[in-house]
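Let me begin by presenting the structure, written as structure tokens, before commenting on it.
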Amino acid sequence: MSEKKWVYLFNEVEEAEKYTGSWDGVRGLLGGKGANLAEMTRIGVPVPPFFTVTTEACNAFLAAGSKFPAGMWEQMLDGLKAVETAAEKKFGDPTNPLLVSCRSGAKMSMPGMMDTVLNIGLNDETAKGMVKLTENERFVYDSYRRLISMFGSVVLGIKDEAFEKVLDAKKKERGTKADTDLTTEDLKDLVEKFKVVVKAEKGFDFPQDPIDQMRLATEAVFSSWNGKRAVDYRRAADIPDDLGTAVNIVTMVFGNTGWESGTGVAFTRDPSTGEKMLYGEYLLNAQGEDVVAGIRNTEKIVKMGETLPEAYEQFLDITKKLELHYKNMQDMEFTIENRRLWMLQTRDGKRTAKAAVKIAVDMVNEGLISKEEAIKRVSPANVDTLLHPQFMGNTKDEAKKSGKMFATGVNASPGAAVGQIYFDADTAERMAKEEKQKVIMVRPFTKPDDVHGMLAAEGILTSEGGATSHAAVVARQFGVPCIVGASMMHIDLDKRELESEGVIVKEGDWISLDGGTGEAFLGKLDLGAPSLEEQTDLMTLLNWADEICAKPGTRTAPEGWPTTGLQVWANADYPKDAQRARAYGAKGIGLCRTEHMFFEQTRLPTVQRMILAETSEERVKALDELLPFQRSDFEGLFEAMDGYPVIIRLIDPPLHEFLPSEEVLLEEVITMRVKGETKGLKEKEDMLESVKTMHESNPMMGLRGVRLSIVMPEIVEMQVRAIFEAAANMTKKGIVVKPEVMIPLTGHINELLHIQPRLIEIAKTVMAEKKVEFTYKFGTMIEIPRAAVTAGEIASVAEFFSFGTNDLTQMTFGYSRDDAERNFLVTYVEKGILPKNPFQTIDVDGVGRLMKVAVKDGRETRPSLEVGICGEHGGDPASIEFCHTIGNNYVSCSPFRVPVARLAAAQAALKYAPKK
Ligand code: PEP
Ligand code: MG
Numbered sequence: 001m002s003e004k005k006w007v008y009l010f011n012e013v014e015e016a017e018k019y020t021g022s023w024d025g026v027r028g029l030l031g032g033k034g035a036n037l038a039e040m041t042r043i044g045v046p047v048p049p050f051f052t053v054t055t056e057a058c059n060a061f062l063a064a065g066s067k068f069p070a071g072m073w074e075q076m077l078d079g080l081k082a083v084e085t086a087a088e089k090k091f092g093d094p095t096n097p098l099l100v101s102c103r104s105g106a107k108m109s110m111p112g113m114m115d116t117v118l119n120i121g122l123n124d125e126t127a128k129g130m131v132k133l134t135e136n137e138r139f140v141y142d143s144y145r146r147l148i149s150m151f152g153s154v155v156l157g158i159k160d161e162a163f164e165k166v167l168d169a170k171k172k173e174r175g176t177k178a179d180t181d182l183t184t185e186d187l188k189d190l191v192e193k194f195k196v197v198v199k200a201e202k203g204f205d206f207p208q209d210p211i212d213q214m215r216l217a218t219e220a221v222f223s224s225w226n227g228k229r230a231v232d233y234r235r236a237a238d239i240p241d242d243l244g245t246a247v248n249i250v251t252m253v254f255g256n257t258g259w260e261s262g263t264g265v266a267f268t269r270d271p272s273t274g275e276k277m278l279y280g281e282y283l284l285n286a287q288g289e290d291v292v293a294g295i296r297n298t299e300k301i302v303k304m305g306e307t308l309p310e311a312y313e314q315f316l317d318i319t320k321k322l323e324l325h326y327k328n329m330q331d332m333e334f335t336i337e338n339r340r341l342w343m344l345q346t347r348d349g350k351r352t353a354k355a356a357v358k359i360a361v362d363m364v365n366e367g368l369i370s371k372e373e374a375i376k377r378v379s380p381a382n383v384d385t386l387l388h389p390q391f392m393g394n395t396k397d398e399a400k401k402s403g404k405m406f407a408t409g410v411n412a413s414p415g416a417a418v419g420q421i422y423f424d425a426d427t428a429e430r431m432a433k434e435e436k437q438k439v440i441m442v443r444p445f446t447k448p449d450d451v452h453g454m455l456a457a458e459g460i461l462t463s464e465g466g467a468t469s470h471a472a473v474v475a476r477q478f479g480v481p482c483i484v485g486a487s488m489m490h491i492d493l494d495k496r497e498l499e500s501e502g503v504i505v506k507e508g509d510w511i512s513l514d515g516g517t518g519e520a521f522l523g524k525l526d527l528g529a530p531s532l533e534e535q536t537d538l539m540t541l542l543n544w545a546d547e548i549c550a551k552p553g554t555r556t557a558p559e560g561w562p563t564t565g566l567q568v569w570a571n572a573d574y575p576k577d578a579q580r581a582r583a584y585g586a587k588g589i590g591l592c593r594t595e596h597m598f599f600e601q602t603r604l605p606t607v608q609r610m611i612l613a614e615t616s617e618e619r620v621k622a623l624d625e626l627l628p629f630q631r632s633d634f635e636g637l638f639e640a641m642d643g644y645p646v647i648i649r650l651i652d653p654p655l656h657e658f659l660p661s662e663e664v665l666l667e668e669v670i671t672m673r674v675k676g677e678t679k680g681l682k683e684k685e686d687m688l689e690s691v692k693t694m695h696e697s698n699p700m701m702g703l704r705g706v707r708l709s710i711v712m713p714e715i716v717e718m719q720v721r722a723i724f725e726a727a728a729n730m731t732k733k734g735i736v737v738k739p740e741v742m743i744p745l746t747g748h749i750n751e752l753l754h755i756q757p758r759l760i761e762i763a764k765t766v767m768a769e770k771k772v773e774f775t776y777k778f779g780t781m782i783e784i785p786r787a788a789v790t791a792g793e794i795a796s797v798a799e800f801f802s803f804g805t806n807d808l809t810q811m812t813f814g815y816s817r818d819d820a821e822r823n824f825l826v827t828y829v830e831k832g833i834l835p836k837n838p839f840q841t842i843d844v845d846g847v848g849r850l851m852k853v854a855v856k857d858g859r860e861t862r863p864s865l866e867v868g869i870c871g872e873h874g875g876d877p878a879s880i881e882f883c884h885t886i887g888n889n890y891v892s893c894s895p896f897r898v899p900v901a902r903l904a905a906a907q908a909a910l911k912y913a914p915k916k
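Residue numbers (the UniProt record's numbering): 1 to 916.
Pasting the structure below:
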């Protein structure tokens, strides 16, 4: 049997494709960076010679307790020979030395989260050889000192500060702030001093043998897969732990050989706005890390057209070629060595939510990708971000007028954020997680070690760095509003305060950021919901999503089941919610919780009178007073949803929810008695008595839902009258009404058999009285496991089902929905006892199974049965996908989630589309 292939050369992308069977497989095997370097080589883009050690080798290394798998090292040495031949240089040869970088690269890009070492191959001997060859002594010793410090910190685990201290001392001695001002002698001296640091910290010398350097660097990169920052990042970005990282050994090209060299990063489109323009930065006479770290101030990429025009023209051509090849916005790194351009990386660029939508829509219009592909490229989280709160109206103008704007910087990641400031990642994370504070993290610049704080923060503000600095890239990816390079700020990390144009802001103070404009304000500015209509690209994309879902044949399904995708409806209790739902694209109301109308201040006393009534006449009298209120609410709903179905749920909660609590009443009664107050005492005492008699140990499993309607039918009789009067009145006004009356919490068919015919009678009576006809439905919620398993019977009465998955989850797990999240669910998820919080994402194996049975049995009885979901899960993308697979007609969610759900529904339709 031949030995396993652990190493792929720069020209072996086809072999990798053969082995894995797909481009996705190649990316998995060689990592994104390795795969794209190989692909660029294949299509004729200049890439320095390299080889890639596979992710399989990394996993084998980690599984074996940090031991290279058999044959891997030998293959690396062979790979090195091939690279030497292609580069026409030799590793460790003082007369013509090859230098390489050792770069991490996982399947998914994890910017800066894993390790990279540059300039491997330099030692005291090769350094001398390089000097002869390049006649640039300064450059060589600059590279050498960079190798020792990078190798020292990344491979040997020495703290950065140990080297920074020495460097700072040197700069102080020279009276300069910039590395570029240091002389050759200074750099040579730094090399020696850095070596001393290594010896002092580790007890051994900096390894002079280039082969040792390569071996140790490879081990360090593999091990960094399990480093804290990489693990934190994977958790946040949902990247599986078992992917592993590849190692790329790449011939070094130098951007720091002088002023005809340079290095930069660029995107083919603006990653913040999505605009079609080359966007990026570069630095002359610098090495890659200087740009990405955001430590030196960079130049805009277009400026390169003046300083290095030929390389710039060539670069422009390559960027176009790469975007056309990958049919996606590219994020590229390049180096120019003595006017010669080399591409060091290309990958699909990370982008803000706004840019994701714009680029997807633009690329369809440019004929690059299909509408379906555009839908797949935007995540539900992107849509969510775009509808996140923003500063409303003229809030910002007023803040500016009153002098509250204290800093401005680069608008690195859009969105509004309000929070208390903290100056380091650990404190930021702790305050957010433990103290539940809204936090804004403020730093001079961020490093990969800061990611946990950045993820916990509402916003990020830095005083240094540009649009492609670490802070900007990470913030954009996770949709955290961010401003970078607010250079008027001076951050004093010791005093834990910042000063900006005379204003001092201390740790814990509130500030507000607008990441879209780069403005920072003192205090808390007002946030509000943005409008969807103004976001035309998003509207276009969501209309495409609806088109996809509306196509018959999207779902393969048994006879009579829907073959289109899911519709998205909304849960709305008031006409204004319904209007928003409609504006956000809802095609119906899936749940109107009528009891919410009872809670309004003007109505509550009447509701209480109704509950406390001792005779049916008294109760009916109070209900007669409530009827006009309900009717007018329903009229508003029908009007807003003209032409669309409106599901109105009859009263559901236990009645004690409308009354004051027993403790409060008791206290009031006692106080009145003690003070000798008699006015109103009797009423209070009566109410206390009623509350006591109504007391239940488990009210959520007590007298509520349909049970209440059976015991006290007058309430739902009033509600049905109000619904049908409203529908009739609106019909007369020319509005098309489609009322659907929903009976909650059914557990047994007999409950429906008892109540539904009485209610239908009322409906018919009202229509006869009003002399109008319209179609209507009566149906039920499925929120009790017994209802789900007897759905076949229940569907003989109910014309529709709506899964109330809040209650269904509560009752299936036996968890109290009001207490579980607070008491133990977080621990359950942390310990992996449950994969997800089942109140957020449907538990497919348990609750989901009941739902599946209910749809199937229900439609066996009544093929036309309409099925929806109105629990909180209706707005959760994973749950929406599940609802698609079991044959729901629609999902219903909060109006604010409607756009997210529209996209998720289309993505589910595409994922499960029947193969053509
Ligand atoms: C449900 O139980 O999922 C539901 C929508 O009803 P409620 O949350 O009002 O109990
Ligand atoms: Mg419920």
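The beta-carbon is built from N, C-alpha and C at its ideal position, and this holds for glycine as well.
Keep in mind the model is a prediction, meaning the values are calculated, not measured.
Local Cβ density within 10 Å of residue i, reported as buried at 16 or more and exposed below that
i, result
"VAL797", "buried"
"SER370", "exposed"
"ARG339", "exposed"
"PRO440", "Reading off the sequence, residue 440 comes out as Ile, not Pro. Label assigned to ILE440: buried."
"MET113", "buried"
"GLY868", "buried"
"MET488", "exposed"
"ASP876", "buried"
"PRO605", "exposed"
"ILE833", "exposed"
"PHE61", "buried"
"GLY560", "exposed"
Per DSSP, cross-strand counterpart(s) of residue i
i, result
"TYR912", "TYR912 pairs with nothing; no bridge assigned."
"residue 919", "Limits of the chain in this structure are 1 at one end and 916 at the other, which puts residue 919 out of reach."
"TRP342", "THR335"
"TRP569", "SER892"
Whether residue i touches residue j by CB criterion (8 Å)
i, j, result
"ALA788", "ALA854", "yes"
"VAL357", "ASN328", "no"
"ALA472", "MET454", "no"
"VAL691", "HIS748", "no"
"PRO645", "LYS764", "no"
"ARG817", "ASN806", "yes"
"ILE782", "PHE803", "yes"
"GLY565", "ARG555", "yes"
Cβ distance (whole Å) where residue i is taken to contact residue j below 8 Å
i, j, result
"ALA162", "GLU201", "6 Å"
"ALA456", "ALA432", "4 Å"
"MET405", "ALA520", "7 Å"
"ALA355", "SER272", "6 Å"
"VAL117", "PHE91", "No, VAL117 and PHE91 are not in contact; Cβ-Cβ is about 14 Å, not under 8 Å."
"VAL847", "LEU910", "Not confirmed; about 25 Å, so no contact."
"ALA570", "ALA583", "No, ALA570 and ALA583 are not in contact; Cβ-Cβ is about 10 Å, not under 8 Å."
"GLU458", "GLY419", "4 Å"
"ALA425", "HIS388", "About 23 Å; that fails the 8 Å criterion."
"ILE651", "LEU708", "6 Å"
N- and C-terminal bounds of the beta strand (DSSP E) containing residue i
i, result
"PRO693", "Going by the sequence as given, residue 693 is Thr instead of Pro. Segment 681-694 is the alpha helix (DSSP H) holding THR693; no beta strand (DSSP E) there."
"GLU866", "866-869"
Endpoints, the alpha helix (DSSP H) within which residue i is located
i, result
"GLU881", "877-886"
"PRO481", "Counting along the chain, PRO481 falls outside any alpha helix (DSSP H), and DSSP gives it neither H nor E."
"LYS33", "23-42"
"VAL736", "Unbroken run through VAL736: none, as it is neither H nor E."
"GLY792", "791-794"
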